[in-house]
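Protein chains in written order, with our numbering: chain A, 1 to 185; chain B, 1001 to 1156.
Positions of the beta carbon are idealized from the N, C-alpha and C atoms, including for glycine.
If you're wondering where the values come from, they're calculated on a predicted model, not measured in any experiment.
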């Protein structure tokens, strides 16, 4: 009896220390920070903290960049701005960069064309993405702007896709997908 | 005959050039053939666009800049991070346009070309911005033809 009790206790201790009982981290970790006092210029950093299987690793960049875009759009909406411009290097709408939707951005960043370089390596990676944006009240003639409403239209679909991806990756809680930390980058 | 076909195919492969094209309509207003004003703001290498934009008259830009918000104030206050240097350059607000800086090797192969045209009528105007990316450099005539054809698709 004593042996059985000791064995059970030992097994419990082993399980505790092995990490099996530890809570899984949130799959994506989002940090945001405003670069101005008026909260119209922001920077967001998304880090994927899940270990996607090799077969799912292609989703990494997509998860990060989409999460970053949705974060920017939600922040703009929260502050009452219907438009925003991305101001990343090489992807700077203020310099006339004419891309204002995700599909085109992806096509630009990851051109499926021979000899074309990947152009967004400075801010979109498999493990993380960083985006800077400035909010606008209305459309402007010379600045291509992203519509907050249009961006957010795709958020629900993205969340569902992410959930499916996490389920395939055998993630324990696929519906819990974002941890936000504000004001610290 | 086979030789001719082979020759044609070889020539075609020599001329074939992979490219990407992106276009945006800044104001989202449908451009029609009834628009009576068309002003070419820029046609050239992407790396040179900022300088060209700075040359556009302040009056022409002021209407654009009315829509800008406190982000520009942040720049003026100098309360910005390094990333905001680009914002200031792009906006050109409140500061002399001379502050606009650009680097000729920013887009290193510089095989990116832009056509920026403003279209309008008596009541409204919009700007079509097209970006062409090619794997090899093009002569001005060649990229202009491609960019103009692209913008023509947006004129109803």
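Backbone CA spacing between residue i and residue j [nearest angstrom]
i: residue 135/A; j: residue 129/A; result: 19 Å
i: residue 1045/B; j: residue 1052/B; result: 10 Å
i: residue 1106/B; j: residue 166/A; result: In this prediction, residue 1106/B scores a pLDDT of 45, lower than 50, which makes its location untrustworthy; the coordinate-derived value is nonetheless stated afterwards. Rounded to the nearest angstrom, the two C-alpha atoms are 38 Å apart.
i: residue 1134/B; j: residue 1054/B; result: 26 Å
i: residue 131/A; j: residue 29/A; result: 14 Å
i: residue 1136/B; j: residue 1147/B; result: 16 Å
i: residue 146/A; j: residue 71/A; result: 13 Å
i: residue 180/A; j: residue 119/A; result: 27 Å
i: residue 1156/B; j: residue 1034/B; result: 9 Å
i: residue 85/A; j: residue 1127/B; result: 16 Å
i: residue 1104/B; j: residue 92/A; result: Residue confidence is low: residue 1104/B scores 36 on pLDDT, short of 50, so the model does not pin down where it sits. Its coordinate-derived value is still stated next. Rounded to the nearest angstrom, the two C-alpha atoms are 16 Å apart.
i: residue 49/A; j: residue 76/A; result: 25 Å
i: residue 139/A; j: residue 37/A; result: 23 Å
i: residue 107/A; j: residue 159/A; result: 21 Å
i: residue 1152/B; j: residue 31/A; result: 42 Å
i: residue 178/A; j: residue 90/A; result: 27 Å
i: residue 1132/B; j: residue 172/A; result: 45 Å
i: residue 169/A; j: residue 1116/B; result: 45 Å
i: residue 164/A; j: residue 81/A; result: 31 Å
i: residue 1144/B; j: residue 1043/B; result: 7 Å
i: residue 35/A; j: residue 154/A; result: 27 Å
i: residue 1078/B; j: residue 79/A; result: Note that residue 1078/B scores a pLDDT of 34, beneath 50, so its modelled location is shaky; the value from the coordinates is reported in the next line. Taking the straight line from one Cα to the other gives about 22 Å.
i: residue 1121/B; j: residue 161/A; result: 44 Å
Proximity of residue i and residue j at Cβ, strictly below 9 Å
i: residue 1154/B; j: residue 1037/B; result: no
i: residue 133/A; j: residue 43/A; result: yes
i: residue 64/A; j: residue 46/A; result: yes
i: residue 98/A; j: residue 1114/B; result: yes
i: residue 148/A; j: residue 102/A; result: no
i: residue 1125/B; j: residue 1029/B; result: yes
i: residue 151/A; j: residue 1018/B; result: no
i: residue 1022/B; j: residue 68/A; result: no
i: residue 1020/B; j: residue 27/A; result: no
i: residue 122/A; j: residue 88/A; result: yes
i: residue 1204/B; j: residue 100/A; result: Lying before the first or after the last residue shown, residue 1204/B is absent from chain B, which here runs from 1001 to 1156.
i: residue 126/A; j: residue 109/A; result: no
i: residue 94/A; j: residue 1027/B; result: no
i: residue 96/A; j: residue 1050/B; result: yes
Limits of the alpha helix (DSSP H) - the one that residue i falls within
i: residue 1050/B; result: 1049-1055
i: residue 35/A; result: Run containing residue 35/A: none; DSSP gives neither H nor E here.
i: residue 109/A; result: 102-109
i: residue 153/A; result: 148-153
Boundaries (first-last residue) of the beta strand (DSSP E) holding residue i
i: residue 1043/B; result: 1037-1045
i: residue 1020/B; result: 1019-1025
i: residue 981/B; result: What is shown of chain B runs 1001 to 1156, which leaves residue 981/B out entirely.
i: residue 43/A; result: 41-48
i: residue 1126/B; result: 1125-1134
Three-state class that DSSP yields for residue i in the structure shown
i: residue 1145/B; result: helix
i: residue 88/A; result: strand
i: residue 28/A; result: strand
i: residue 1153/B; result: coil
i: residue 135/A; result: strand
i: residue 171/A; result: coil
i: residue 178/A; result: strand
i: residue 130/A; result: strand
i: residue 1031/B; result: strand
i: residue 124/A; result: strand
i: residue 158/A; result: helix
i: residue 1099/B; result: Unreliable placement is indicated for residue 1099/B, whose pLDDT of 35 sits below 50; the coordinate value is still reported in the next sentence. Residue 1099/B: helix per DSSP, three-state reduction.
beta-carbon residue i near the ligand ADP non-hydrogen atom, thresh 8 Å
i: residue 135/A; result: No copy of the ligand ADP appears in this structure; indeed no ligand is present at all.
Contacting positions in the stretch 1015-1042 of chain B - beta carbon closer than 7 Å to chain A:
Look at the stretch 1015-1042 of chain B: the residues with a C-beta under 7 Å from a C-beta of chain A are 1018, 1020, 1022, 1023, 1024, 1026, 1027 and 1028.
Residues, ordered as in the chain, of the stretch 139-160 of chain A that lie near chain B by beta-carbon distance below 7 Å:
So the close ones are 139, 140, 141, 142, 143 and 144.
Closer than 8 Å between beta carbons: that is the criterion. Which residues of the stretch 90-101 of chain A meet it against chain B?
90, 92, 93, 94, 95, 96, 97, 98, 99 and 100
According to a CB-to-CB cut-off of less than 9 Å, which residues of the stretch 108-140 of chain A neighbour chain B?
108, 111, 113, 114, 115, 116, 117, 119, 132, 134, 135, 136, 137, 138, 139 and 140
Give, in chain order, every residue of the stretch 1118-1134 of chain B whose Cβ lies closer than 8 Å to some Cβ of chain A.
1118, 1125, 1126, 1127, 1129, 1130, 1131 and 1133
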